[in-house]
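K.L.:
Going by the numbering used here, the first residue of the sequence shown is number 21, and it counts up by one from there.
Ideal Cβ placement from N, Cα and C applies to all residues, glycine included.
Quick one: this structure, given as structure tokens, is what I'll be asking you about.
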Amino acid sequence: VQPERAVRIGALKAFGNPTARGSAARADPADGVVVRVVETLGRTAEVSVQSGLRHISAPRHLTLIEGPLDGDASRLG
Numbered sequence: 021v022q023p024e025r026a027v028r029i030g031a032l033k034a035f036g037n038p039t040a041r042g043s044a045a046r047a048d049p050a051d052g053v054v055v056r057v058v059e060t061l062g063r064t065a066e067v068s069v070q071s072g073l074r075h076i077s078a079p080r081h082l083t084l085i086e087g088p089l090d091g092d093a094s095r096l097g
């Protein structure tokens, strides 16, 4: 995750948040993986996420409960 000092990984997990929906279903990594990024300097940052393990396809910005993010999805801040 870049820039190195401006952001950190807060979570790396299977896509899906069954607890927030009141479900006992398990999250399945085959449905996707979530990289939760935390900005650490108190300002807007352009973020780059890369993986040496596999290609990141169809990246999306999500809310904390993993729903679609309204507004400008090209910026975090």
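Relative to the C-alpha of Ile76, which residue among Ala26, Asp48, Gly36 and Val55 is closest?
P.N.:
Mapped onto the sequence shown, residue 76 falls at position 56. Taking only the C-alpha atoms, the option nearest Ile76 is Val55.
K.L.:
Could you pull the start and end residues of the beta strand (DSSP E) that Gly30 belongs to?
P.N.:
Position 10 of the sequence shown, counting from 1, holds the residue named residue 30. First-last of the beta strand (DSSP E) with Gly30: Val27 to Ala34.
K.L.:
Is it right to say Val27 is buried, meaning 16 or more other beta carbons lie within 10 angstroms of its own, or is it exposed?
P.N.:
Walking along the sequence shown from the start, residue 27 turns up at place 7. Buried, by the Cβ-count rule.
K.L.:
How many angstroms separate the CA atom of Asp51 from the CA atom of Leu82?
P.N.:
Counting from 1 along the sequence shown, the entry for residue 51 is found at position 31. Counting from 1 along the sequence shown, the entry for residue 82 is found at position 62. When rounded, the distance between both Cα atoms is 15 Å.
K.L.:
Please say whether Val57 and Gly87 have beta carbons closer to each other than 8 Å?
P.N.:
For the purposes of this step, residue 87 is taken as the residue at position 67 of the sequence shown. For the purposes of this step, residue 57 is taken as the residue at position 37 of the sequence shown. Not closer than 8 Å, so no.
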